[in-house]
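K.L.:
Residue numbers (my numbering): 286 to 545. The beta-carbon is built from N, C-alpha and C at its ideal position, and this holds for glycine as well.
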């Protein structure tokens, strides 16, 4: 577990979860903070299929974790000088198809999936979020790093449209290392440690920093977001590890994390 010990010693690590705890228990982060993720919709199963140990957390559609903002001060990465990395070891499951509200004759689709971050669409308190399968800019199934400097929608749109979006579809049923970084000028999305470049979308130019809602900002959530006055965008699959850094890690460091 040398890679894990090296990561825990990284000066930029805010929190790391390895999801070894049993279902029904808070998932406690390691590193310089001990943050407790709470189960928010029943117990999340612990399964024998891990990355940093024998186990991982298996999220079914509708299950998620939350950490209240007042308990997650260092995860409130915002302001004009904000820099960060959100990284996760995931094994995607099969997410059920759905129809858009009010469109009984419309095509079925698979809703996008939120992995982790501070992203509240109902209250317009968006900061940063690691997504999969974000249905904007002719995209789906890729790694996406959503960023917002205002907390609200992008000017001229109903939703926030600012995100680094990779080129490669992330497969189901296989462990994958996904991550995104923000360095104050660009958001970048990575798959298995490498920049998944896409012209005009990854890297994504977004200068000026990230929104900071202060004490009234959004909670840190894993596996779902607050949207349309309800919880949605559920991630379906297994989480073997989750790390947040207050630095934009370079590709060579992410490649090392991908070797775990």
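Buried or exposed: which applies to residue 513, given that a residue is buried once 16 or more other Cβ atoms fall within 10 Å of its Cβ?
P.N.:
Looking at its Cβ environment, which holds fewer than 16 other Cβ atoms inside 10 Å, residue 513 is exposed.
K.L.:
Figure out for me which residue from 505, 522, 441, 404 has the closest Cα to the Cα of residue 299.
P.N.:
Checked all of 505, 522, 441, 404; the closest Cα to residue 299 is 505.
K.L.:
Provide the residue span of the beta strand (DSSP E) that contains residue 352, from first to last.
P.N.:
From DSSP, the beta strand (DSSP E) with residue 352 extends over 350-352.
K.L.:
How would you label residue 406, buried or exposed, when you count the other beta carbons within 10 angstroms and need 16 or more for buried?
P.N.:
Result: buried.
K.L.:
Which residues in the same chain have their Cβ closer than 7 Å to the Cβ of residue 308, if we skip the five residues on either side of it in sequence?
P.N.:
Within the same chain, residue 308 has close Cβ partners 328, 329, 330, 331.
K.L.:
Which residues in the same chain as residue 335 place their Cβ atom closer than 6 Å to its Cβ, once the five residues preceding and following it in sequence are excluded?
P.N.:
Excluding positions up to five away in sequence, the list reads 341, 525.
K.L.:
Excluding the 5 residues preceding and the 5 following residue 544 in the sequence, name in chain order all residues of the same chain whose CB lies nearer than 8 Å to its CB.
P.N.:
Closer than 8 Å at Cβ, skipping near neighbours: 288, 478.
K.L.:
Please list, in chain order, all residues of the same chain as residue 400 whose beta carbon is under 6 Å from its beta carbon, the five residues on each side excluded.
P.N.:
Taken in chain order, the residues that qualify are 373, 415, 520.
K.L.:
State the Cα-Cα distance for the pair residue 398 and residue 454, rounded to the nearest angstrom.
P.N.:
Residue 398 and residue 454: Cα-Cα distance of roughly 13 Å.
K.L.:
Going by Cα to Cα distance, which pick from 421, 501, 395, 355 is closest to residue 445?
P.N.:
The option with the nearest alpha carbon to residue 445 is 421.
K.L.:
Quick one: what does DSSP say residue 291 is sitting in, helix, strand or coil?
P.N.:
Three-state DSSP puts residue 291 in a helix.
K.L.:
Can you name the residues that DSSP bridges to residue 330?
P.N.:
Per DSSP, 343.
K.L.:
Whose CA, out of 361, 293, 464, lies closest to the CA of residue 315?
P.N.:
Residue 293 is the option with its Cα nearest to residue 315.
K.L.:
Please report the Cβ distance between residue 452 and residue 423, rounded to the nearest whole angstrom; I am assuming they are in contact, meaning their Cβ atoms lie under 8 Å.
P.N.:
Not quite, the Cβ-Cβ distance comes to about 11 Å (not below 8 Å), so this is no contact.
K.L.:
Mark residue 379 as exposed unless 16 or more other C-beta atoms lie within 10 angstroms of its C-beta, in which case mark it buried.
P.N.:
Burial call: exposed.
K.L.:
Since I believe residue 542 is in contact with residue 462 (beta carbons under 8 Å), could you give me their beta-carbon distance rounded to a whole number of angstroms?
P.N.:
Contact holds; Cβ gap of about 6 Å.
K.L.:
Within the same chain, show all residues whose beta-carbon is closer than 7 Å to that of residue 471, passing over the 5 residues directly before and after it, in chain order.
P.N.:
Correct list, in chain order: 488, 489, 490, 491.
K.L.:
Should residue 508 and residue 344 be called a contact, given that it needs their Cβ atoms to be closer than 8 Å?
P.N.:
Yes, they are a contact pair.
K.L.:
Please classify residue 366 as buried or exposed, where buried requires at least 16 neighbouring CB atoms within 10 angstroms.
P.N.:
So residue 366 counts as exposed.
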